[in-house]
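In terms of our numbering, the sequence shown opens at residue 25 and continues consecutively.
We put the CB at the ideal spot given by N, CA and C, even for glycine.
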Amino acid sequence: MAIRVAGALRVESKEPADASMQELERLNDRRALLKADHTRYLKQHPELTSILNDFLTEVLARKPDDVQAFARAHFSLRPIPGTVKGLRPLLIAGPSGVGKGTIIKRIFERFPDQLGFSVSHTTRKPRPGEVGGVHYHFSTVDGMKAAIGEGKFIEHAVVHGNYYGTSAEAVAQVSHAGKVCCLDIDIAGVKLVKQTALDPHYVFVAPPSFATLEARLRGRQTESEADILKRLSAAAAEMEYGAQPGAFDVVLVNDDLERAVDALCAQLRQWYPSLREAAAAAARGEGEGECTEEGGGGGGDT
């Protein structure tokens, strides 16, 4: 085809157009192949739809400010194929002096094969007898700051100049071992956990009254007056948060240790089938657990 431009005759070749058409055809063929490949892969892995739908549901329900950090936490906590599913972690919180540590120790004695603690990270130096990976994961400040920035920790805090934190991987390791991961976390940590995809069962251990808690703290005779007042101030704020509707799944009033432990055992049997089975086996004399079906009765849900 000839085209006259400004008095000159220019011959337009059809080759560029032909080349463009060939490139377009190749591109369309490539797209068709990719589409077929993707369709085949999705048919082979239908769980992808469920996984992505679950993630979108969690995002819309929680509306996190940092979606990328939320996504990292969400997918790092997903069960690995072949491991026990449905083992939601158990988070126990409560003010200093309420007896939380003793209660946790007792439920671990009753369910040693079903409960597990995650190994926390810290930047402090190891103390005599402490073993890395057993008592703590010992880290550098820079290393831990980087991991926190990457969203690898579900909660963290700075205590006396040292970083402490619970990583998503540490919690997942306990779950992958087929155990319920128990987390002993303060209220500041609870608030951080609520911003993640961890979704544990929340238990708040409360004293019968503030006066009772103060008497317990003073009765220990291990802190100075200034330390006691600091703990009481923190306890007042923690108890106020713990009393908020919906803040915790269960509020366990520790007015009597045995009743509190039995009540928590009863609640754990409702939440976790593996603990219910262990209690039934103990009742039949097949195991060593003490938390039988007759004990407790769920009285801790107050």
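Three-way DSSP call (helix, strand, coil) for A212 in this model: Within the sequence shown, numbered from 1, the residue matching residue 212 stands at position 188. In the structure shown, A212 sits in a helix (DSSP, three-state: H, G or I).
Sort A194, G118, E282 by Cα distance to H145 and report the nearest one. If you number the sequence shown from 1, residue 145 lands on position 121. Out of A194, G118, E282, the CA that lies nearest to the CA of H145 is found in A194.
DSSP three-state call for S248: helix, strand or coil? Along the sequence shown, read from residue 1 onward, the residue named residue 248 stands at position 224. Here S248 sits in coil by DSSP.
Can you tell me whether Q138 is buried or exposed? The criterion is at least 16 other CB atoms within 10 Å of its CB, across all chains shown. Along the sequence shown, read from residue 1 onward, the residue named residue 138 stands at position 114. By the neighbour-count rule (16 or more Cβ atoms within 10 Å), Q138 is buried.
Comparing alpha-carbon positions, which option in L216, Y187, D223, I211 lies nearest Q268? Taking the first residue of the sequence shown as position 1, residue 268 is located at position 244. The option with the nearest alpha carbon to Q268 is I211.
If you run the structure through DSSP and keep just helix, strand and coil, what is F132? Numbered from 1 along the sequence shown, position 108 holds the residue referred to as residue 132. F132 falls in the helix class under three-state DSSP.
Taking only the alpha-carbon atoms, compute the straight-line gap between E47 and D61 and give it to the nearest angstrom. Residue mapping note: residue 47 aligns to position 23 of the sequence shown, counting from 1. Residue mapping note: residue 61 aligns to position 37 of the sequence shown, counting from 1. Distance between the alpha carbons of E47 and D61: 21 angstroms.
Contact check, K124 vs V204, beta carbons under 9 angstroms: As a working mapping, residue 124 is identified with position 100 in the sequence shown. As a working mapping, residue 204 is identified with position 180 in the sequence shown. Against a cut-off of 9 angstroms, the Cβ pair of V204 and K124 comes out as no contact.
Separation of S120 from V261, as counted between CA atoms: Here residue 261 refers to the residue found at position 237 of the sequence shown. Here residue 120 refers to the residue found at position 96 of the sequence shown. For the sequence presented, residue 261 should be read as Ala rather than Val. Near 12 angstroms, if we compare the C-alpha coordinates of S120 and A261.
Is the beta carbon of L115 sitting closer than 9 angstroms to the one on L292? Start at 1 with the first residue of the sequence shown, and residue 115 comes out as number 91. Start at 1 with the first residue of the sequence shown, and residue 292 comes out as number 268. No, they are not a contact pair.
N-terminal and C-terminal residue of the alpha helix (DSSP H) that G167 is part of: If you number the sequence shown from 1, residue 167 lands on position 143. Unbroken alpha helix (DSSP H) run through G167: 165-173.
Per DSSP, what are the beta-bridge partners of C289 in this structure? Taking the sequence shown and counting its residues from 1, one reaches residue 289 at position 265. Answer is none; C289 lacks a bridge partner.
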